[in-house]
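FYI, the numbering for the sequence shown is -29 to -1, 1 to 276, going by mature numbering (1 follows the signal peptide of the UniProt record, and there is no 0).
Don't be surprised by glycine CBs; every beta carbon is placed ideally from N, CA and C.
Quick caveat: nothing in here was measured; it's all calculated off a predicted structure.
Below: one structure, written as structure tokens.
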Amino acid sequence: MQPRVFPAMYWFITFIAMIFLCGSTLVFANDDEKYVNCGNLFDCGDIKGVGYPFSGSDTPDYCGHPELKLDCSDQDPEITIQKLTYKVLGINSQSRNLSVARKDHAENNICPTLLLNTTWIPNILNYTPDDQNITIYYGCSTQGAPALKYSSQFPCNINNTEMTGYFTAVSNLSEFGSSASNLISYLASCKDSIEVPVRQSALAKILITPTVTQLLEGLNEGFDFVWSANDASCETCQLSGGKCGYNQATAAFSCYCKDGPRESSCPQSPTAAPSPTAAPPTSMSPCLLLFFSAGVTLEVNRKTA
């Protein structure tokens, strides 16, 4: 009697069919790379779960606005805006507020190496009504400083150069009345000045106690930016099941969908779409069915042999 070759041949054909069927299922189940990557959120220290319009760490640049890239330094979240690095104190996606404090004034440093104004990014980051500017002067004359309330003189060392600093918590110098002219003349002797924002609550304390210690406390409490970065477009994109991002080539908002990027929204409904990280549970059922039928057929042939 000749040996039966049917089982071996059947298993070979079944194996090839499973490779084709299952492999094809897995390939077509793959989502667009940018869609998947922009599902990653920024986590650093106490700041967690941050997405668009920010990017950073495990979130690629194309997932956020290029001006809003976050960094994580020793579990301290930071952001650099117009050459100045800030400590990120909080991010509120509902109110779209970014709370920050200048890093160069941290650790009780009123005399930073680079004297730069705190600036915003027009149309993207702006001050809130709660932010109030304080002007700090550097390289002032050691003589002739008027002793006025709301103001204070302090020693300073910048790049190994001893100098005198001065700050006033009042933006409108006319509020000093008859002493305003003397103050203006003195401030004219200063070589540099910067403007730094503080919250109104911090300003109130500085006005009561205008000392460098109180000023530094207010600076370290930080202030708020409010952002505007195609937020309405992002909401539309998310409702359609997409991930918000930014096309740096076109300098425009981009909605990353499972099957590729779109300008504003994805074609499919988020409720009908499969999981973004894995194929649907039924995607492997043809493979399992084929494997099961092969096993049954082999068992029947074995018993009838």
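Alpha carbon of LEU87 to alpha carbon of GLY110, nearest angstrom: Rounded to whole angstroms, LEU87 to GLY110 spans 14 Å at the Cα level.
Rounded separation between PHE194 and ASN80 - CA only: Taking the straight line joining both Cα atoms gives about 17 Å.
Buried versus exposed, by CB contacts within 10 Å (16 or more), PRO100: Taking a 10 Å sphere around the C-beta of PRO100, we find fewer than 16 other C-beta atoms and assign the residue as exposed.
Minimum C-alpha distance to ALA222 - residue among TYR33, ASP14, ASP2 and ASP17: The shortest C-alpha separation from ALA222 is found at TYR33.
For CYS226, the first and last residue of its enclosing alpha helix (DSSP H): Looking at the DSSP string, CYS226 is not in any alpha helix (DSSP H); the run it does join, the beta strand (DSSP E), is 223 to 228.
GLN219 versus SER225: straight-line alpha-carbon distance, rounded: Each residue's Cα considered, the two are about 9 Å apart.
Classification of GLY213 by the beta-carbon crowding that lies within 10 angstroms, buried from 16 upward: The residue in question, GLY213, is buried, as its Cβ has 16 or more Cβ neighbours within 10 Å.
Alpha carbon of THR207 to alpha carbon of VAL59, nearest angstrom: As the crow flies, the alpha-carbon of THR207 is around 28 Å from that of VAL59.
Beta-carbon gap between residue 280 and VAL167 smaller than 7 Å: Look at the range of the chain in this structure, -29 to 276, and you will see that residue 280 is not part of it.
Stretch pair the segment 187 to 201 + the segment 63 to 78: three plus CB contacts closer than 8 Å: The segment 187 to 201 and the segment 63 to 78 touch, with no fewer than 3 CB-CB distances between them shorter than 8 Å.
One or two residues paired with THR139 in a DSSP bridge: According to DSSP, THR139 bridges with THR106 and SER122.
ASP195: first and last residue of the uninterrupted alpha helix (DSSP H) it sits in: The continuous stretches of alpha helix (DSSP H) do not include ASP195, which lies in the beta strand (DSSP E) extending over residues 194 to 198.
Three-state secondary structure (DSSP) of THR207: In the structure shown, THR207 sits in a helix (DSSP, three-state: H, G or I).
Test item: CB-CB of ILE179 and LEU186 under 7 Å: One thing to note: ILE179 has its Cβ no nearer than 7 Å to the Cβ of LEU186.
Beta-carbon spacing of TRP198, LEU41 below 7 Å: Result no, Cβ atoms of TRP198 and LEU41 do not sit closer than 7 Å.
N- and C-terminal bounds of the alpha helix (DSSP H) containing TYR23: Taken as a continuous stretch (DSSP letters only), TYR23 belongs to no alpha helix (DSSP H), as it is neither H nor E.
Three-state class that DSSP yields for ILE81 in the structure shown: In this structure, ILE81 counts as coil in the three-state DSSP scheme.
Exposure of GLN103, with buried meaning 16 or more beta-carbon neighbours within 10 Å: Under this definition GLN103 is a buried residue.
Boundaries (first-last residue) of the alpha helix (DSSP H) holding LEU154: In this chain, the alpha helix (DSSP H) harbouring LEU154 covers 151 to 158.
Cβ pair TYR137, GLN124 closer than 7 Å: It is a contact, given that the beta carbons lie within the stated cut-off.
Beta carbon of CYS9 nearer than 7 Å to that of CYS43: No.
Which residues DSSP lists as bridging ALA72, in chain order: The partner list for ALA72 (beta bridge, DSSP) reads LYS58.
Closest residue to THR135 among LYS162, LEU144 and ASP17 (Cα-Cα distance): Closest by alpha carbon: LYS162.
Boundaries of the alpha helix (DSSP H) in which TYR6 is found, first to last residue: Taken as a continuous stretch (DSSP letters only), the alpha helix (DSSP H) holding TYR6 covers 4 to 8.
Continuous beta strand (DSSP E) stretch holding LEU86: start and end: Premise fails: LEU86 is in no beta strand (DSSP E) and is neither H nor E.
Burial state of GLY115 (16 or more Cβ within 10 Å): With fewer than 16 Cβ atoms within 10 Å of its Cβ, GLY115 is classed as exposed.
Residue from PHE25, ALA175, ILE52 and LYS19 with nearest C-alpha to PRO93: The option with the nearest alpha carbon to PRO93 is ILE52.
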